[in-house]
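Visitor:
In the numbering used here, the protein residues as written are 194 to 284.
1) My output table needs one value for residue 205: the three-state DSSP class, helix, strand or coil.
2) May I ask which residues mark the beginning and end of the alpha helix (DSSP H) holding residue 275?
3) What is the DSSP secondary structure of residue 200, reduced to helix, strand or coil?
4) With a CB to CB cut of under 7 Å and the five nearest residues on each side skipped, what residues in its chain are close to residue 280?
5) Look up residue 230 in the DSSP assignment and say whether it is helix, strand or coil.
6) With a CB to CB cut of under 8 Å and the five nearest residues on each side skipped, what residues in its chain are close to residue 225?
7) If we ignore side chains and look at the alpha-carbon of each, how far apart do residue 207 and residue 235 end up?
8) Quick check on the DSSP output: the alpha helix (DSSP H) that includes residue 222 runs from which residue to which?
9) Name the residue from 201, 273, 284 whose alpha carbon lies nearest to the alpha carbon of residue 255.
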């Protein structure tokens, strides 16, 4: 599917293309965490907690060769990291 082996490659490509997905202020705003494993050369998992009253949920992301990051299946679709990782592996 893709050609990324490591999350650092995805971060660098995103930054060099002028995007801000991994910028600290962006991550802080969404209280995001990036899980380190890349599946199929393009897919990875993030978690977000929008505020203290909401539980942390998980999103499967796809890194595109041009540096863009897309959500697969919807933002915060998964209740657990395990479910999101399983979905990412299947893609």
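Quick reminder that beta carbons are idealized off the backbone N, C-alpha and C, glycines included. Values in this document were obtained by computation on a predicted structure and should not be read as measured data.
Guide: Put simply:
1) The answer is helix: DSSP assigns residue 205 an H, G or I state.
2) 274-283
3) helix
4) 253, 266, 271.
5) Here residue 230 carries a coil assignment [DSSP, helix/strand/coil].
6) If we look at residue 225 and ignore the five residues flanking it on each side, its Cβ neighbours are 219, 239, 240, 241.
7) 12 Å
8) 217-222
9) 284
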